[in-house]
Amino acid sequence: MKIILVAALILAAAFSAHANVTLNGLFADRMVLQRDHAIPVFGTAEPGEKVSVTFGKQSQSTTAEKDGKWSVKLKPMKASKEGASMTIEGKNKITLTDILIGDVWVCSGQSNMERMLAEINKPDDIKAANFPLLRQYDVPKTQSASPCDNVKGGWKICTPQSAGSFSAVAFYFGRKLQKETGIPIGLIRTTWSGTPIEPWISPEGLAGIPEPMRKSINISFSPSAWHSLYNSMIHPLINFPIKGVIWYQGESNALFASDDSEDGRYLLKKKALITCWRKAWNIGDFPFYFVQLANFEK
C-alpha cells in the first residue's frame, strides 16, 4: 500500500510540474526589453493550457501547442525608466518585477569580452558604478550539438556591489550609451574565453564559407566544433529583440592559424557570423560592432 501511495505522489508531482507555466530564462526580474519592437514572450505549459500575459496596459493570451510551447507578442513600447511588472498566468501565476524598456545589446566573443571589470584594476569606476538603468544578463557556458530553445541566467543591476562582475568592455560601452541616451541599457553577455569563431557560427552560416575552410580548429582547451556555442549560447536568444551586437574575438584564430592566409579566412568567417546572426534574429540589419585587433603573434 505504501509503495502505491508513493508512486501516486510521484506521478502527481510530475504532472503538477508539467502543468506549470514556465518562461524562457531571459524573462526575469530586472530585465530590459527592447524599445520600439514587438516583444515575444514565450515559454512552456501543459498542451492545450490557456496562458495570458499582462504588461502595463497590454494583455495577450494564447493556448499552448501540442509540444507545450506557447508564445504571445506584445506591441512595441517606448523607452521607460519606470520599473513595471509583468504577470504570466495559466494554472499557476508568475509575476516579474522592475522591468525597464530601452536598448538591449548582445556582448559576445572570447576573453577580452569575458574579462570582468574587477579584473582590470579600475576600483574607482567600480565604486562609482551606481547605474540603476544599466543591467547585465549572463548566459551560462554550455555547448550543444543541436539548437537549444532555453537559457538559464539572470539579470543584475549595475551597482558598486555588482559592477565588478560585469564584462569590462560591455560595462564601459553600456555606461557611455546610458549616459548619452538617458534610457535603460541591457547587456546580454554570452562569451567563452579562448574560443575561435567557428563555434559561434550557425549551421546556415556555413553557406557563406567555402568548403575548404569548413575544417574545425583543433584547440583542446576550448570548444572548437562548428556551431556548438551558437546552438547553446546564441540560438536561445534569437526570439528576444535586441538593438545590436558588440564582438571582441580573434586571438584564437590567429594563434592557431596554419599559415598567413588565415587573415582572409577569418574575414570570410566573420562576415558569415554577422550575416547568420542577423538572419537568425530576423529584425533587420542591426548594428554589429567589433574590435579590429592589432597584429597578434605575427
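First residue of the sequence shown: 21, per this note's numbering; consecutive thereafter.
Where is the CB? At the ideal position from N, CA and C, for every residue including glycine.
Fair warning: this is a prediction, and the values are worked out from it, not measured in the lab.
query: To which residues of the same chain is Ile140 closer than 6 Å at the C-beta, ignoring the five residues directly before and after it?; result: Ala188
query: Which runs of the beta strand (DSSP E) fall wholly inside the segment 185–255 and span at least 3 residues, in chain order?; result: 205–211
query: With Asp118 as the anchor, note down where its beta strand (DSSP E) starts and where it stops.; result: Lys113 to Gly129
query: On the DSSP letters alone, give me the boundaries of the beta strand (DSSP E) that Ser105 sits inside.; result: Ser100 to Glu109
query: Classify Leu288: buried if its beta carbon has 16 or more other beta carbons within 10 angstroms, exposed otherwise.; result: exposed
query: Between Lys93, Ile294 and Phe47, which has its C-alpha nearest Ser366's C-alpha?; result: The displayed coordinates of the chain run from 21 to 318. Any statement about residue 366 would go beyond what the structure contains.
query: For Ala27, which three-state DSSP category applies?; result: With a pLDDT of 47 at Ala27, under the threshold of 50, the predicted position of this residue should be treated as unreliable, though the coordinate-derived value follows. Residue state, collapsed to three classes: helix.
query: Kindly list the residues whose CB is nearer than 8 Å to the CB of Met18, restricted to its own chain and excluding five residues on each side of it in sequence; keep chain order.; result: With the chain covering only 21 through 318, there is no way to say anything about residue 18.
query: In terms of residues, what are the limits of the beta strand (DSSP E) holding Lys77?; result: From DSSP, Lys77 is part of no beta strand (DSSP E); its letter is neither H nor E.
query: Taking Asn9 as the reference, which of Thr179, Val311 and Ala104 has the closest Cα?; result: In the structure as shown, the chain begins at 21 and stops at 318. Residue 9 is therefore absent and cannot be evaluated.
query: Distance check for Ala292 and Leu226, CA to CA, integer angstroms please.; result: 7 Å
query: For Phe35, does the count of other Cβ atoms within 10 angstroms reach 16, so buried, or fall short, so exposed?; result: Low local confidence applies: a pLDDT of 44 at Phe35 is under 50, so the model's placement there is unreliable, with the coordinate-based value given in what follows. By the neighbour-count rule (16 or more Cβ atoms within 10 Å), Phe35 is not buried but exposed.
query: Return yes when the Cβ of Leu207 is within less than 8 Å of the Cβ of Leu46, no when it is not.; result: no
query: Within a Cβ cutoff of 6 Å, which residues of the same chain sit near Thr162, ignoring the five residues on either side of it in sequence?; result: Ser252
query: Which word fits Thr107, buried or exposed, when buried means at least 16 other C-beta atoms lie within 10 angstroms of its C-beta?; result: exposed
query: From which residue to which residue does the alpha helix (DSSP H) around Ser330 run?; result: Summary: the structure shown does not reach residue 330, with the chain confined to residues 21 through 318, and so no result is reported for it.
query: Reducing DSSP to helix, strand and coil, say where Asp49 ends up.; result: coil
query: What do you reckon, are the CB atoms on Gln373 and Leu249 nearer than 8 Å?; result: Here the chain covers residues 21 to 318 and nothing more, so residue 373 does not appear.
query: Select from Ile119, Arg195 and Asn132 the residue whose C-alpha is nearest the C-alpha of Ala148.; result: Arg195
query: Hey, Thr211 and Met97 are a contact pair by Cβ (cut 8 Å); roughly how many whole angstroms apart?; result: Wrong, their Cβ atoms sit about 29 Å apart, outside the cutoff.
query: Determine whether the beta carbon atoms of Val124 and Lys263 lie at a separation below 8 Å.; result: yes
query: Where does Ala319 land, buried or exposed, given buried means 16+ other C-beta within 10 angstroms?; result: Since the displayed the chain opens at 21 and closes at 318, residue 319 lies outside it and no answer follows.
query: Would you report the Cα separation of Trp246 and Phe308, rounded to the nearest angstrom?; result: 21 Å
query: Grab me the residues of Lys111's own chain with a C-beta within less than 8 Å of its C-beta, minus the 5 sequence neighbours each way, in chain order.; result: Ala39, Asn40, Val41, Ala65, Glu66 and Glu69
query: Determine the closest residue to Gly173 out of Cys296, Asp305, Met51 and Ala300, with distance taken between C-alpha atoms.; result: Met51
query: Considering only the beta carbon of each residue, do Pro204 and Lys101 sit closer than 8 Å?; result: yes
query: DSSP on Thr162, reduced to helix/strand/coil?; result: coil
query: Alpha carbon to alpha carbon, what distance is there between Tyr192 and Lys142?; result: 11 Å
query: Report yes if the C-beta distance between Pro152 and Ile177 is below 8 Å; otherwise report no.; result: yes
query: Which residue comes first and which comes last in the alpha helix (DSSP H) that contains Pro143?; result: Pro143 to Lys147
query: Hey, quick one: how far does the beta strand (DSSP E) through Phe310 stretch, first residue to last?; result: Phe308 to Phe310
query: Which first and last residues belong to the beta strand (DSSP E) in which Lys89 is found?; result: Lys89 to Leu94
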